[in-house]
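Residue numbers (the numbering used here): 1111 to 1444.
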Amino acid sequence: WELTLYRVIKRVINCPVPCRYSNCGRLCKCERIMVAFKGVWTQPFWKAVSAEFLAMLIFVLLSLGSTINWGGAEKPLPVDMVLISLCFGLSIATMVQCFGHISGGHINPAVTMAMVCTRKISLAKSVFYILAQCLGAIVGAGILYLVTPPSVVGGLGVTAVHRDLSAGHGLLVELIITFQLVFTIFASCDSKRSDVTGSVALAIGFSVAIGHLFAINYTGASMNPARSFGPAVIMGRWENQWVYWVGPIIGAVLAGALYEYVYCPDVELKRRFKDVFGKATQPSKGKYIEVDDHRSHVETDDLILKPGIVHVIDIDRGEDKKGRDPSSEVLSSV
């Protein structure tokens, strides 16, 4: 199958240069494409992609269903923010629990971009993840549109910035709530922690619910570009759609980078940073530099002196040692 795929790519891009598949060994454009997408042409990866599609479909279908106002346009019922927030939070928690071991349970293009920036998934794989998530959101919103009576379908949960707010304000709100969501994800899923005993999926779900309780009236509380993209495609409403892509992605990348590179960096990453930035330069004349020789890690009460490095200097050399005051002896590290 790999050779067949290579031949298809070669024919599509019309590459004249032979490579290892032709027993030449020269690196051509086809081979570079194959290397860039290494790991994509595997069965487990496509299972993960299909899991992201299915998880997003179910999430959008269930969560957007809670936004439908069954009172209709004539007698609309009051918006129940708690109901909507809990439905979104519990839906995402359920999907993470169901599909987390298959695909990682991103179910959010912003989360996928944060994983790319922290080197937890390759850029090539992220492209397929995001495409699957967006397609799942469109299908989920489409199914909801088909099963909902036209008289109550309303806006189908399309997110919109409040009329008294600018797009910039909406972007900032989306950035903040997505930041707290992604920071929760990184902190809850950190394999270096041994103190996490509760449900990771519930922690993520509660984070989504908190974001909705705070920001529904501001922007509709997206935190998920695909969640906003799906109903926008079905309803054809694109006002301020860019806000729900730029804000969440920036917030997610900031959260992932801060957690992974500043607050809780990996041991190997810390070693690399030390190798790159921790090399001491040659001191200039009259200057001191700090040298780490591990002596600072020894407690004063546990100081161990090797034999031969401490000598007793006799100040009163002419006096008899028997009548000498012990306080006249001075320690010198020579």
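Just so it is clear, CB atoms sit at the ideal spot from N, CA and C, and this is done for glycine as well.
Does the stretch 1345 to 1352 touch the stretch 1214 to 1228, meaning 3 or more C-beta pairs lie closer than 8 Å?
no
Applying the criterion that 16 or more other CB atoms from any shown protein chain within 10 Å of the CB defines a buried residue, is Pro1260 buried or exposed?
As a position in the sequence shown, residue 1260 is number 150, starting the count at 1. Counting Cβ neighbours within 10 Å, Pro1260 comes out exposed, since fewer than 16 surround it.
Contact the stretch 1283 to 1298 vs the stretch 1161 to 1179: 3+ CB pairs below 8 Å:
no
Can we say the stretch 1319 to 1334 touches the stretch 1349 to 1361, given the rule of at least three CB pairs closer than 8 Å?
yes
Pick from Leu1172, Thr1152, Trp1156: whose alpha carbon is nearest that of Gly1250?
In the sequence shown, the residue the question calls residue 1250 occupies position 140. The shortest C-alpha separation from Gly1250 is found at Leu1172.
Taking just the CA atoms, how far does Arg1273 sit from His1279?
In the sequence shown, the residue the question calls residue 1279 occupies position 169. In the sequence shown, the residue the question calls residue 1273 occupies position 163. Whole-angstrom Cα-Cα distance: 11 Å.
DSSP three-state label for Pro1154, please.
On the sequence shown, residue 1154 is found 44 positions in, with the first residue counted as 1. Reduced to three states, the DSSP call for Pro1154 is helix.
Rounded to whole angstroms, what is the Cα-Cα separation between Thr1307 and Lys1185?
Within the sequence shown, numbered from 1, the residue matching residue 1307 stands at position 197. Within the sequence shown, numbered from 1, the residue matching residue 1185 stands at position 75. Using only the alpha carbons, I get a separation of about 47 Å.
Span of the alpha helix (DSSP H) holding Gln1207?
Looking up residue 1207 in the sequence shown gives position 97. Where Gln1207 is concerned, the enclosing alpha helix (DSSP H) stretches over 1191 to 1213.
To the nearest angstrom, how far is the alpha carbon of Ile1423 from that of Thr1228?
Within the sequence shown, the letter at position 313 stands for residue 1423. Within the sequence shown, the letter at position 118 stands for residue 1228. Bear in mind that a pLDDT of 49 at Ile1423, under 50, signals an unreliable position, so the model cannot answer this.
State whether the stretch 1213 to 1222 contacts the stretch 1237 to 1247, with contact taken as three or more CB pairs (one from each stretch) at a distance under 8 Å.
yes
Suppose the cutoff is 6 Å on Cβ atoms and the five residues either side in sequence are ignored; what does the same chain contact list for Cys1086 look like?
Residue 1086 cannot be examined here, being either before or after the span of the chain that is shown, 1111 to 1444.
Tell me whether Val1356 sits in a helix, a strand or coil according to DSSP, three-state version.
The residue you call residue 1356 lines up with position 246 of the sequence shown. Three-state result, Val1356: helix.
Closer than 7 Å: Trp1151 CB and nearest the ligand PLP heavy atom:
Ligands are entirely absent from the displayed structure, and the ligand PLP is therefore not among its contents.
Where the alpha helix (DSSP H) through Ala1336 begins and ends
Counting from one through the sequence shown, the residue named residue 1336 turns up at place 226. Element bounds for Ala1336: 1335 to 1345.
By Cβ distance below 7 Å, which residues in the same chain neighbour Gly1252 in space, the five residues on each side in sequence not counted?
Against the sequence shown, residue 1252 aligns to sequence position 142. Counting only Cβ-Cβ distances below 7 Å, and skipping sequence neighbours, we find Ile1344.
I'd like to check one pair, Gly1315 with Ile1202: are the Cβ atoms closer than 8 Å?
One-based indexing of the sequence shown puts residue 1202 at position 92. One-based indexing of the sequence shown puts residue 1315 at position 205. Their beta carbons are under 8 Å apart, which means Ile1202 touches Gly1315 by this criterion.
From Phe1209, Gly1264, Val1356, residue whose alpha carbon lies closest to that of Ala1158:
As a first step, residue 1158 is located in the sequence shown; it is residue number 48 there, counting from the start. The option with the nearest alpha carbon to Ala1158 is Phe1209.
Among residues of its own chain, excluding the 5 on either side of Phe1293, which ones have a beta-carbon nearer than 7 Å to its beta-carbon?
As a working note, residue 1293 is residue 183 in the sequence shown. For Phe1293, where only same-chain residues beyond five positions count, the Cβ hits under 7 Å are Ala1365, Tyr1369.
By the three-class DSSP mapping on this structure, what secondary structure does Lys1235 have?
Position 125 of the sequence shown, counted from the start, is the residue given in the question as residue 1235. Lys1235 falls in the helix class under three-state DSSP.
What do you reckon, are the CB atoms on Leu1254 and Leu1174 nearer than 8 Å?
Taking the sequence shown and counting its residues from 1, the one referred to as residue 1254 is at position 144. Taking the sequence shown and counting its residues from 1, the one referred to as residue 1174 is at position 64. In contact: Leu1254 and Leu1174 (Cβ atoms closer than 8 Å).
Taking DSSP as the reference, what is the three-state secondary structure of Cys1227?
Counting from one through the sequence shown, the residue named residue 1227 turns up at place 117. The answer is helix: DSSP assigns Cys1227 an H, G or I state.
How long is the line joining the alpha carbons of Trp1355 and Met1205, rounded to whole angstroms?
Locating residue 1355 in the sequence shown gives position 245, where the first residue counts as 1. Locating residue 1205 in the sequence shown gives position 95, where the first residue counts as 1. Distance between the alpha carbons of Trp1355 and Met1205 is about 22 Å.
Within a Cβ cutoff of 7 Å, which residues of the same chain sit near Ile1194, ignoring the five residues on either side of it in sequence?
Position 84 of the sequence shown, counting from 1, holds the residue named residue 1194. So the qualifying residues of the chain are Ser1176, Thr1177, His1322, Ile1326.
Ser1276 versus Ser1317: straight-line alpha-carbon distance, rounded
Looking up residue 1276 in the sequence shown gives position 166. Looking up residue 1317 in the sequence shown gives position 207. Each residue's alpha carbon lies about 25 Å from the other.
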